[in-house]
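Engineer:
Residue numbers (our numbering), protein chains in the order written: chain R, 5 to 366; chain B, 2 to 507.
1. Looking at the strands, I want to know which residues DSSP matches up with residue 260 of chain B.
2. Which class does residue 95 of chain R belong to by DSSP, given the choice of helix, strand or coil?
3. Bridge partners of residue 143 of chain R, per DSSP?
4. Output the boundary residues of the beta strand (DSSP E) element that contains residue 60 of chain R.
5. Compute the minimum distance between the beta carbon of residue 207 of chain B and the heavy atoms of the ligand FAD, and state whether it is under 8 Å.
6. Within 10 Å of its beta-carbon, does residue 102 of chain R have 16 or more other beta-carbons around it, so buried, or fewer, so exposed?
7. Less than 9 Å between the C-beta atoms of residue 339 of chain R and residue 246 of chain R, yes or no?
8. Comparing alpha-carbon positions, which option in B/350, B/372, B/469, B/205 lies nearest residue 308 of chain B?
9. Take the Cβ of residue 171 of chain R as the centre, count every other Cβ of all protein chains shown within 10 Å, and call the residue buried at 16 or more, exposed below.
10. At the 9 Å Cβ level, is residue 358 of chain B part of the contact set with chain R, yes or no?
11. Would a check of beta-carbon distances place residue 25 of chain R closer than 9 Å to chain B?
12. Here's the rule I'm using: 16 or more other beta-carbon atoms within 10 Å means buried, otherwise exposed. How should residue 159 of chain B be labelled?
13. Which residues mark the beginning and the end of the beta strand (DSSP E) in which residue 191 of chain R is found?
14. Residues of the stretch 189–210 of chain R with a CB closer than 9 Å to any CB of chain B: list them in chain order, please.
15. State yes or no: is the C-beta of residue 124 of chain R within less than 9 Å of the C-beta of residue 346 of chain R?
16. Which residue wins for smallest C-alpha separation from residue 116 of chain R, given the options R/96, R/133, R/135?
17. Is the beta carbon of residue 195 of chain B closer than 9 Å to that of residue 207 of chain B?
18. Going along the chain, which residues of the stretch 69–93 of chain R sit with their C-beta nearer than 7 Å to a C-beta in chain B?
19. Measuring only the C-alpha atoms, how far is residue 202 of chain B from residue 326 of chain R?
20. Is the beta carbon of residue 58 of chain R closer than 9 Å to that of residue 110 of chain R?
21. So does the stretch 135–143 of chain R actually touch the stretch 182–189 of chain R, counting three or more Cβ pairs closer than 8 Å?
22. In the DSSP assignment, what are the bridge partners of residue 451 of chain B?
23. Candidates B/236, B/155, B/222, B/326: which alpha carbon is nearest residue 392 of chain B's?
24. Rounded to the nearest angstrom, what separates residue 221 of chain R and residue 365 of chain R at their Cα positions?
25. So is residue 464 of chain B in contact with chain R if we call contact Cβ pairs under 9 Å?
26. Quick one: which unbroken alpha helix (DSSP H) runs of 4-plus residues sit fully inside the stretch 15–98 of chain B? Chain order, please.
27. Considering only residues of the same chain and omitting the five flanking positions on each side of residue 80 of chain B, which have a CB-CB separation below 8 Å?
28. Is the Cβ of residue 347 of chain B closer than 9 Å to any Cβ of chain R?
29. Would you mind sorting residue 73 of chain R into buried or exposed? The rule is 16 or more other CB atoms within 10 Å of its CB.
30. Name, please, each residue of chain B whose Cβ falls closer than 7 Å to the Cβ of residue 228 of chain R.
31. Kindly list the residues whose CB is nearer than 6 Å to the CB of residue 287 of chain R, restricted to its own chain and excluding five residues on each side of it in sequence; keep chain order.
32. Would you grab the beta carbon distance between residue 125 of chain B and residue 86 of chain B for me? Rounded to a whole angstrom, and I think it's under 8 Å.
33. Taking 9 Å as the threshold (beta carbon to beta carbon), is residue 202 of chain B in contact with chain R?
34. Between residue 349 of chain R and residue 451 of chain B, what straight-line distance do the alpha-carbon atoms span, to the nearest angstrom?
35. Residue 242 of chain R CB to nearest chain B CB: under 9 Å?
36. Quick check: is the beta carbon of residue 212 of chain B nearer than 9 Å to any beta carbon in chain R?
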């Protein structure tokens with residue numbers, strides 16, 4: 005802090021002026037310098053190569069970047085990735101409207117993709133490559149979005165604490181015997197929202213409400229922001245069971261094969277609901293200015309090579325019928341999926357959210 | 002411009018359907034209110050004990066290495082809360098080093114408390130914010146007039162009684178000011194509570210913004226948070242008005258430092274080492290260790306230069322703009338304190354009660370309606386920084402300007418200089434120190450800012466803070482470390498510069 009006294013050197017500037025001497029003022033010079041540096045940075049930050057795509061991605065960066073890097077090396081098209089929350093990105097696309105810098109929207113939840121389609125944010129893609137590669141139930145009717153890999157919302161259990169026979173259905177986790185033994189994702193999780201939507205579509209509102217209430221009590225404070233944390237908690241025995249997508253378990257086992265954790269496919273008995281399925285998918289943004297490059301990327305991702313890479317990075321099930329899943333995963337034909345069409349996840353979303361909030365999940 | 006976000010939040014919340022209100026009231030609000038208040042209370046208690054005791058030891062006792070500790074105890078301020086939080090999720094987490102050590106002692110069933118809890122959040126926030134209280138109390142103790150204590154002593158008051166009835170009450174303004182900074186920090190913190198999964202208002206607002214298509218619930222929670230902060234500020238101000246102390250004589254002696262024997266020195270050093278170690282030393286060492294192995298694994302590439310450039314660029318530009326905006330506000334209010342000018346200045350303080358996610362929410366919607374051209378560009382982010390951090394800058398700029406007597410400017414004018422040149426050549430050189438401090442302060446806070454950056458960052462514009470969060474929230478400790486370390490390193494020199502001039506570092 006400057007505490008020069010009046011009468012001492014406080015009058016210096018005036019005296020200088022009268023002598024005709026002027027030193028450059030410190031702050032003024034500092035500010036000018038900063039402005040120049042800033043201008044240089046702005047120009048370097050925004051100088052674009054001619055061919056580039058902007059991908060808004062709700063998928064974890066390390067699960068998508070390697071695939072995009074291969075695409076980039078192959079085609080020379082540079083890709084800018086904005087990784088963020090799925091719902092947040094839908095909100096962002098909507099707010100940006102025609103001015104959006106995004107060319108593609110990639111995410112882990114069909115409900116969000118369908119929602120984006122309903123909002124008119126995505127562009128139909130009449131491409132034979134897509135129709136050949138991805139079965140119709142895994143994409144929008146007009147190909148506004150295309151599923152790329154399948155994932156199942158299942159039960160992870162600690163093998164030293166739980167026997168697999170103890171859980172038959174996801175709904176069992178609401179049973180009081182699991183008090184303080186269940187880890188769940190928070191209410192903002194698209195997996196939870198989609199999962200609850202499917203349960204609600206199959207079992208009805210009342211049954212789902214009871215399930216959620218039981219789950220809330222059983223989970224207590226074990227509410228996580230990330231599925232990887234749930235798996236971690238189960239593997240360490242902090243909780244006995246957790247609700248996650250299947251690949252989190254296999255990814256954990258890939259790095260720590262000795263971890264006492266395993267996946268349990270629930271609801272497989274005769275007449276039961278089936279495992280809750282969702283897809284990760286991609287859509288081209290309606291207002292893209294790089295349609296051709298964007299189509300190239302989609303084409304690459306649905307091709308056999310792209311499918312293998314995309315699904316294996318995350319230990320998901322490829323949707324291309326001729327591409328095999330990672331050998332560590334259970335054979336896809338060995339279990340059943342719930343029969344709720346993916347596109348319905350969007351319309352089911354809002355009532356599900358209302359229910360989740362009424363129950364008071366975090 | 003600065004008030005617009007605040008007004009928008011009020012509008013959004015009031016336009017919400019009453020069913021949204023009642024639903025939130027029945028489900029989330031009681032828990033959030035309880036969590037936020039109890040965290041603020043426990044962190045205040047913790048920082049009070051740590052801050053006052055450390056300041057007392059450093060000022061009143063003489064022991065080996067005192068000067069070093071005097072500085073070292075400020076360093077935790079260089080550690081953003083989310084960095085400390087992620088280090089502690091590792092340290093205290095299940096199977097982490099602390100638990101393993103504990104199990105050697107207590108057997109394989111031994112558990113330490115989870116970092117993802119009230120206790121964990123309290124610990125992290127306390128360790129991160131106690132320097133506020135420490136710095137202010139230390140400054141007050143250094144200016145303390147010893148004669149009050151001596152009078153009490155002559156009157157036969159015991160040591161404890163002197164402490165309770167004379168010393169502490171005299172330190173009260175400083176302690177209260179420190180604690181109020183701590184509380185504002187706790188209430189508006191996003192990084193630590195989100196990594197520790199402790200539900201407070203600010204965290205809930207962020208979850209609502211990112212998890213829902215409909216933003217009215219976020220607006221409702223935001224308004225409550227703003228009101229909460231506002232009520233607190235009013236109480237704090239009232240409290241401060243009531244307890245003013247004046248030193249009537251200019252005569253005062255620097256209190257003699259009590260020399261300590263080897264035992265005393267040992268105990269004090271142990272205390273300092275423990276506090277400093279868990280708040281800064283150990284986390285910093287871990288970050289270095291992780292960074293080294295991340296570099297060895299080739300996880301650090303040229304992209305880091307880009308993240309660094311983005312951080313410096315955004316923070317530098319925001320701090321510069323804030324300085325340019327703040328100068329006329331502070332200047333006009335101190336030279337021509339008309340009602341309008343003072344009002345403008347007070348309005349600029351609105352950002353204080355707008356925690357990161359709240360301001361970001363308001364700006365997102367405002368920009369998409371009013372200036373869609375700028376939506377999704379760095380402009381929005383810079384505006385968010387300015388709104389949020391201008392108050393902190395103004396607090397440093399205002400006293401700097403007030404210390405310059407208007408006589409000097411009048412003299413310059415009477416010697417024939419115009420108003421602009423007078424300001425440039427008379428006032429500016431005199432307030433230079435204060436203004437540089439304000440710039441550095443705002444720059445630092447922008448570097449560390451997280452929630453608004455996450456919500457508003459343009460495409461391909463990740464900053465160091467964003468990288469830390471992206472990696473740490475997936476529990477990729479090693480990958481988060483280089484960015485975190487860079488933030489700490491870049492913050493350190495500025496912090497030391499600030500502390501040597503001014504305590505209001507964050």
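Backbone N, C-alpha and C define an ideal beta-carbon position, used for all residues, glycine too.
Structural biologist: Short version:
1. Translated into positions along the second chain, residue 260 of chain B becomes position 259. Answer is B/63.
2. Here residue 95 of chain R is taken as the residue at index 91 of the first chain, counted from 1. Residue state, collapsed to three classes: helix.
3. Position 139 of the first chain, counted from the first residue, corresponds to residue 143 of chain R. Per DSSP, R/150.
4. What you label residue 60 of chain R is simply residue 56 of the first chain in a count that begins at 1. From DSSP, the beta strand (DSSP E) with residue 60 of chain R extends over 56–61.
5. Looking for the ligand FAD in the displayed structure turns up nothing, as the structure carries no ligands at all.
6. Translated into the one-based positions of the first chain, residue 102 of chain R becomes position 98. It counts as exposed.
7. Here residue 339 of chain R refers to the residue found at position 335 of the first chain. Here residue 246 of chain R refers to the residue found at position 242 of the first chain. No.
8. Start at 1 with the first residue of the second chain, and residue 308 of chain B comes out as number 307. When only C-alpha atoms are compared, the closest one is B/469.
9. Stepping through the first chain from its first residue, residue 171 of chain R is reached at position 167. Buried, because 16 or more other Cβ atoms sit within 10 Å of the Cβ of residue 171 of chain R.
10. Taking the first residue of the second chain as 1, we reach residue 358 of chain B at position 357. Under the Cβ criterion of 9 Å, residue 358 of chain B is not counted among the residues facing chain R.
11. Within the first chain, the letter at position 21 stands for residue 25 of chain R. Caution applies to residue 25 of chain R, whose pLDDT of 39 falls short of 50 and renders its modelled position unreliable; the model cannot decide the point.
12. For this step, residue 159 of chain B is matched to residue 158 along the second chain. Under this definition residue 159 of chain B is an exposed residue.
13. Mapped onto the first chain, residue 191 of chain R falls at position 187. That residue, residue 191 of chain R, is in no beta strand (DSSP E); it is neither H nor E in DSSP.
14. Cβ contacts with chain B: 190, 191, 192, 193, 194, 197.
15. The residue given as residue 124 of chain R occupies position 120 in the first chain. The residue given as residue 346 of chain R occupies position 342 in the first chain. No; because the gap between Cβ atoms is not below 9 Å, this pair is not in contact.
16. Residue numbering aside, residue 116 of chain R sits at position 112 when the first chain is read from its first letter. Between residue 116 of chain R and the set R/96, R/133, R/135, the nearest pair of CA atoms involves R/96.
17. Translated into the one-based positions of the second chain, residue 207 of chain B becomes position 206. Translated into the one-based positions of the second chain, residue 195 of chain B becomes position 194. In this structure, residue 195 of chain B lies closer than 9 Å to residue 207 of chain B by Cβ.
18. Only 84, 86, 87, 89, 91, 92 from the stretch 69–93 of chain R bring a Cβ to less than 7 Å from some Cβ of chain B.
19. Counting from one through the second chain, the residue named residue 202 of chain B turns up at place 201. Counting from one through the first chain, the residue named residue 326 of chain R turns up at place 322. Roughly 49 Å between the two C-alpha positions.
20. The residue labelled residue 110 of chain R in the question sits at position 106 within the first chain. The residue labelled residue 58 of chain R in the question sits at position 54 within the first chain. Residue 58 of chain R is positioned such that its CB atom lies no closer than 9 Å to that of residue 110 of chain R.
21. No, because fewer than three Cβ pairs between the stretch 135–143 of chain R and the stretch 182–189 of chain R fall closer than 8 Å, the two stretches do not touch.
22. Along the second chain, one-based indexing puts residue 451 of chain B at 450. According to DSSP, which records beta bridges pairwise, residue 451 of chain B is partnered with nothing at all.
23. To locate residue 392 of chain B, count along the second chain from 1; it is residue 391. Of the candidates B/236, B/155, B/222, B/326, the one whose C-alpha sits nearest the C-alpha of residue 392 of chain B is B/326.
24. The count along the first chain starts at 1 and reaches residue 221 of chain R at position 217. The count along the first chain starts at 1 and reaches residue 365 of chain R at position 361. In this structure, the straight-line span from the alpha carbon of residue 221 of chain R to that of residue 365 of chain R is close to 9 Å.
25. For the purposes of this step, residue 464 of chain B is taken as the residue at position 463 of the second chain. At a cut-off of 9 Å, the C-beta of residue 464 of chain B has no neighbouring C-beta in chain R.
26. You should have 19–28, 30–61, 67–73, 82–93.
27. Along the second chain, one-based indexing puts residue 80 of chain B at 79. Correct list, in chain order: 129, 280, 281, 284, 285, 489.
28. Against the second chain, residue 347 of chain B aligns to sequence position 346. Not an interface residue.
29. Numbered from its first residue, the first chain carries residue 73 of chain R at position 69. By the 10 Å Cβ count, residue 73 of chain R comes out exposed.
30. One-based indexing of the first chain puts residue 228 of chain R at position 224. The contacting residues are 198.
31. In the first chain, the residue the question calls residue 287 of chain R occupies position 283. Within the same chain, 109, 117, 126, 148, 149 come within 6 Å of residue 287 of chain R by CB-CB distance, once the 5 residues on both sides are set aside.
32. Numbered from 1 along the second chain, position 124 holds the residue referred to as residue 125 of chain B. Numbered from 1 along the second chain, position 85 holds the residue referred to as residue 86 of chain B. At roughly 5 Å, the Cβ-Cβ gap stays under 8 Å, so residue 125 of chain B and residue 86 of chain B are in contact.
33. Counting from one through the second chain, the residue named residue 202 of chain B turns up at place 201. No - not a single Cβ of chain R is within 9 Å of the one on residue 202 of chain B.
34. If you number the first chain from 1, residue 349 of chain R lands on position 345. If you number the second chain from 1, residue 451 of chain B lands on position 450. Their Cα atoms are separated by approximately 32 Å.
35. Your numbering for residue 242 of chain R matches position 238 in the first chain. Proximity of residue 242 of chain R to chain B, defined by a Cβ-Cβ separation below 9 Å, is satisfied.
36. As a position in the second chain, residue 212 of chain B is number 211, starting the count at 1. True, the Cβ-Cβ gap to chain R drops below 9 Å.
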